[in-house]
Amino acid sequence: MTAAAQDRIVGGTPHHGRIRVGVLGTSEFARRRMMAAIRGHPGAELAAVASRDPARAAHTAAQHGCAAAADYGELLARDDIDAVYLPLPNALHHEWALAAMESGKHVLAEKPLTTSAADTAELVGVAARTGRVLRENFCFLHHGQHRTVRDLLRGGRIGRLRRFTGAFCIPPRPAADVRHRPELGGGALLDTGVYPIRAAQFFLGDDLSVTGALLRQDAATGVDVGGSALLRAAGGEIVTVDFGFEHGYGSLYQLWGSEGRLTLERAFTPPPDLAPVLRVDRQGEPVHTVLPAEDQYAATVGAFAAAVRRARDLGTDPDHQAWAAAAVRTAELVEEISRCAQHITVETRERG
Numbered sequence: 006m007t008a009a010a011q012d013r014i015v016g017g018t019p020h021h022g023r024i025r026v027g028v029l030g031t032s033e034f035a036r037r038r039m040m041a042a043i044r045g046h047p048g049a050e051l052a053a054v055a056s057r058d059p060a061r062a063a064h065t066a067a068q069h070g071c072a073a074a075a076d077y078g079e080l081l082a083r084d085d086i087d088a089v090y091l092p093l094p095n096a097l098h099h100e101w102a103l104a105a106m107e108s109g110k111h112v113l114a115e116k117p118l119t120t121s122a123a124d125t126a127e128l129v130g131v132a133a134r135t136g137r138v139l140r141e142n143f144c145f146l147h148h149g150q151h152r153t154v155r156d157l158l159r160g161g162r163i164g165r166l167r168r169f170t171g172a173f174c175i176p177p178r179p180a181a182d183v184r185h186r187p188e189l190g191g192g193a194l195l196d197t198g199v200y201p202i203r204a205a206q207f208f209l210g211d212d213l214s215v216t217g218a219l220l221r222q223d224a225a226t227g228v229d230v231g232g233s234a235l236l237r238a239a240g241g242e243i244v245t246v247d248f249g250f251e252h253g254y255g256s257l258y259q260l261w262g263s264e265g266r267l268t269l270e271r272a273f274t275p276p277p278d279l280a281p282v283l284r285v286d287r288q289g290e291p292v293h294t295v296l297p298a299e300d301q302y303a304a305t306v307g308a309f310a311a312a313v314r315r316a317r318d319l320g321t322d323p324d325h326q327a328w329a330a331a332a333v334r335t336a337e338l339v340e341e342i343s344r345c346a347q348h349i350t351v352e353t354r355e356r357g
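In the working numbering, the protein residues as written are 6 to 357.
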């Protein structure tokens with residue numbers, strides 16, 4: 006890193022040169038979490054928002070104190086935007102992330118990055134060619150609780166790891182929700198299943214293979230509303246992931262080793278003011294450790310802004326290769342699960 010870049014960043018906080026971010030889309034999550042995080046971070050500036058509905062864009066812009074663009078194309082043409090946050094439906098990520106990078110913008114796209122491994126690999130290639138920062142918005146990876154768990158695992162706290170289990174399930178969504186629309190990339194595997202898959206990669210690496218899966222498929226919409234998958238890691242560890250949006254809320258993982266277990270609740274979407282509780286079970290003696298509360302959404306914005314500043318200074322993203330390998334492998338694992346899964350058809354029922 007050059008002296009100029011070091012001058013801009015002290016303890017992760019820039020003295021000047023904030024990254025100006027435009028938002029393509031006005032999803033509930035974008036408005037509730039990410040736009041507030043962008044607006045409140047010292048390293049970023051919320052510059053503009055666009056929507057398919059200009060009135061909705063104007064309303065959202067007024068709420069967040071930024072400009073409104075008439076449409077997505079107009080936002081990408083603005084010269085006062087350095088980067089784009091992209092919370093559109095899954096099936097639109099590839100098209101607009103590609104357009105954003107080709108217009109000279111860096112991209113933070115909601116997960117999943119795309120709906121296919123081929124499209125993900127294409128975006129990764131464009132980012133490498135153009136020197137643009139491209140990131141998939143797995144906010145949970147920026148929360149320190151997972152690094153604490155990984156440090157304990159590497160330190161032998163539970164012996165040798167034998168099994169990883171992860172689950173992310175949410176209550177049923179309204180019938181009109183985009184999660185129920187296959188043409189927009191709906192379905193539980195792409196919506197919640199990618200979380201425990203990415204967590205397994207975080208702890209066990211990208212060398213995972215799928216050995217079997219079950220998907221519960223809605224008879225009316227054709228999308229999967231829940232499922233489970235069984236994978237194996239390179240060292241022979243067993244991995245199971247569960248996901249869905251027809252359940253009571255659950256967001257957790259457990260690492261089971263030869264000498265004990267590590268369990269973390271609220272693993273993927275902890276509120277910023279929640280102090281996580283890590284449970285360690287060894288020889289029948291559970292120990293609960295309260296970890297510091299952290300705002301993973303602000304941390305995500307900070308990490309992305311720092312990456313953009315580095316890329317702007319160096320002319321390339323030095324962290325691209327490591328990040329890209331994980332993103333492509335996640336997409337490949339999703340496809341492997343879909344390809345090998347047995348399907349259980351479930352009858353449509355009234356949704357909340």
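All C-beta atoms in this analysis are idealised placements derived from N, C-alpha and C, irrespective of residue type, glycine included.
Given residue i, which residues of its chain have a CB within under 7 Å of its CB, disregarding the five upstream and five downstream residues?
i: E264; result: I163, G164 and R287
i: P281; result: Q150, L269, R271, P275 and L296
i: R36; result: T65
i: R61; result: T31
i: G253; result: P176
i: R34; result: Sequence inspection shows Phe at residue 34; the Arg mentioned does not correspond to that position. Excluding residues within five positions, the ones whose Cβ falls inside 7 Å are P92.
Taking 8 Å as the limit between beta carbons, can you name the residues of its chain near residue i, skipping five residues before and five after?
i: M106; result: V112, L128, V131, A132, T135, R137 and L139
i: G421; result: Past the boundaries of the shown model lies residue 421; the chain is included only from 6 to 357, so the question cannot be answered.
i: G27; result: A52, A53, V54, A55, A74, L80, L81, R83, I86, A88, V89, Y90 and K110
i: P187; result: T226, G227 and V228
Given a cut-off of 8 Å, decide if residue j and residue i are closer than it, judged by their beta-carbon atoms.
i: P275; j: Q301; result: yes
i: A331; j: D211; result: yes
i: A172; j: G255; result: yes
i: V230; j: F250; result: yes
i: D76; j: A63; result: no
i: V244; j: A205; result: yes
i: A53; j: L80; result: yes
i: I342; j: A239; result: no
i: A336; j: P201; result: no
i: G345; j: G227; result: Looking at the sequence itself, residue 345 is Cys, so the reference to Gly does not match. Not a contact, by the Cβ cut-off of 8 Å.
i: A193; j: F248; result: yes
i: V215; j: L195; result: no
i: V154; j: L283; result: yes
i: L338; j: L166; result: no
i: E50; j: R83; result: no
i: A310; j: G48; result: yes
i: E242; j: R334; result: no
i: L157; j: L267; result: yes
i: S108; j: E340; result: no
Using a Cβ-Cβ distance under 8 Å, would residue i count as near chain B?
i: E33; result: The displayed structure is made up of one protein chain only, and chain B is not part of it.
Skipping 5 residues on each side, what residues in its chain have a beta carbon closer than 6 Å to that of residue i?
i: K110; result: A88 and V89
i: I14; result: Confidence in I14 is poor, its pLDDT being 31 and thus under 50, which makes the residue's placement too unreliable to answer from.
i: E299; result: H148 and G149
i: L189; result: P94, A96 and V183
i: D322; result: V138 and A316
i: E115; result: P92 and N142
i: T119; result: H98, H99 and T125
i: G320; result: G136
Applying the criterion that 16 or more other CB atoms from any shown protein chain within 10 Å of the CB defines a buried residue, is residue i buried or exposed?
i: C144; result: buried
i: G16; result: Residue placement at G16 cannot be trusted, given a pLDDT of 32 that sits under 50; the coordinates are not used to answer.
i: C71; result: buried
i: H325; result: buried
i: I349; result: exposed
i: V1; result: Here the chain covers residues 6 to 357 and nothing more, so residue 1 does not appear.
i: D278; result: exposed
i: G289; result: exposed
i: T294; result: exposed
i: P176; result: exposed
i: L29; result: buried
i: R159; result: exposed
i: Q68; result: exposed
i: D223; result: buried
i: R25; result: buried
i: R152; result: exposed
i: G161; result: exposed
i: H20; result: Since pLDDT at H20 reaches only 37, below the 50 mark, its modelled position is unreliable, and the value read off the structure follows with that caveat. Looking at its Cβ environment, which holds fewer than 16 other Cβ atoms inside 10 Å, H20 is exposed.
i: R57; result: exposed
(message) Three or more C-beta pairs under 8 Å: does that hold for the segment 124-134 against the segment 95-107?
(response) Contact holds: three or more Cβ-Cβ distances are below 8 Å.
(request) For the segment 294-310 and the segment 179-188, state whether three or more C-beta atom pairs, one from each stretch, are separated by less than 8 Å. (result) no
(request) Evaluate contact between the segment 318-331 and the segment 41-51, counting only Cβ atoms and requiring at least three cross-stretch pairs below 8 Å. (result) no
(request) Just list the beta strand (DSSP E) runs in the segment 273-315, keeping only unbroken ones of 3 residues or longer that don't cross its boundaries, in chain order. (result) 282-287 and 290-295
(request) May I have a chain-ordered list of the beta strand (DSSP E) segments no shorter than 3 residues that lie completely inside the segment 74-127? (result) 88-91 and 111-115
(message) Please give me, in chain order, every unbroken run of the alpha helix (DSSP H) with length at least 4 that falls completely inside the segment 133-195.
(response) Fully enclosed alpha helix (DSSP H) runs of 4 or longer: 149-159.
(request) Output the residue ranges of the beta strand (DSSP E) runs that lie fully inside the segment 14-68 and measure 3 residues or longer, sorted by chain position. (result) With a minimum length of 3 residues, the continuous beta strand (DSSP E) runs that stay inside the segment 14-68 are 24-29 and 49-55.
(request) Within the segment 202-250, note down every full alpha helix (DSSP H) run reaching 4 residues or more, in order along the chain. (result) none
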